[in-house]
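Per our numbering, the sequence shown starts with residue 25, numbered consecutively.
Working notes for the structure below.
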Amino acid sequence: LGQRDKISVFGTDYDTPDGTCIRDYIHVTDLAKAHILALEALLSGKKKTAIYNLGNGLGYSVKEVIETCEKVTGRKATIEYTDRRPGDPARLVASSQKIYEELGWKAEYSLEEIIASAWKWHSRNTK
C-alpha cells in the first residue's frame, strides 16, 4: 500500500467463500529454514535428492490478503475489481506434508506476521 494508486483484483466470481482467488503464502524466513534443512539433509547423506513443495497449506483469498494489509498498515486500499485473467485457477495451495514427514519442517509465520514483516522492511527501505 502506498506504491500504487490502486490494487487490481482479477475476478470476484470464483467458487471460493468470497469470490476471489485463494493462494498460499510463505514467509521468507520459513522458506530459508526449509532450504537449510534440505541442504543439511543432502550434506549429511540422509537424502540424495528430493523435491519439496513449500507453503502454509492453508491459502488465503485475495480479499483476505488485502484486508490483512489494511489492518497491519493502517491504510485503506483503493481496489479496482476487474475480469478474471485467463487460466487463473480458483485455488492454489501447496501441500508441505512430504517435507514435514521427512525433515520436520512446517511453516511457522501467519499471514498477518508475513505482511507485518514485509511492511516493516518496506517502511525502512523504500522512500
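Each residue gets a CB set at the ideal place from its N, CA and C atoms; glycine is no exception.
> Under 8 Å between the Cβ atoms of residue 29 and residue 117?
Replying inline: Along the sequence shown, read from residue 1 onward, the residue named residue 29 stands at position 5. Along the sequence shown, read from residue 1 onward, the residue named residue 117 stands at position 93. The answer is no: Cβ separation not under 8 Å.
> Could you give the C-beta distance for residue 114 and residue 50, rounded to a whole number, given that I count them as a contact under 8 Å?
Replying inline: The sequence position of residue 114 within the sequence shown is 90, counting from 1. The sequence position of residue 50 within the sequence shown is 26, counting from 1. Not really, about 20 Å apart at Cβ, beyond 8 Å.
> Across which residues does DSSP place residue 96 in a beta bridge pair?
Replying inline: Locating residue 96 in the sequence shown gives position 72, counting from the first residue. None; residue 96 has no bridge partner.
> When DSSP builds the beta bridges, which residues end up paired with residue 104?
Replying inline: For the purposes of this step, residue 104 is taken as the residue at position 80 of the sequence shown. Per DSSP, 32.
> So, do the segment 59-74 and the segment 94-114 have three or more beta carbon pairs nearer to each other than 8 Å?
Replying inline: no
>> Taking the alpha helix (DSSP H) that residue 63 belongs to, which residues open and close that run?
In response: Translated into the one-based positions of the sequence shown, residue 63 becomes position 39. Per DSSP, residue 63 belongs to the alpha helix (DSSP H) from 52-68.
>> Counting C-beta neighbours from all protein chains within 10 Å, is the total for residue 39 16 or more, i.e. buried, or is it exposed?
In response: Looking up residue 39 in the sequence shown gives position 15. By the 10 Å Cβ count, residue 39 comes out exposed.
> Near residue 101, which residues of its chain fall below 7 Å by C-beta distance, leaving aside the five closest residues on each side in sequence?
Replying inline: Here residue 101 refers to the residue found at position 77 of the sequence shown. Only 25, 31, 90, 93, 94 meet the Cβ criterion.
>> Spatial neighbours of residue 124 within its chain, please: C-beta separation below 6 Å, excluding the five flanking residues on both sides.
In response: Position 100 of the sequence shown, counted from the first residue, corresponds to residue 124. Correct list, in chain order: 130.
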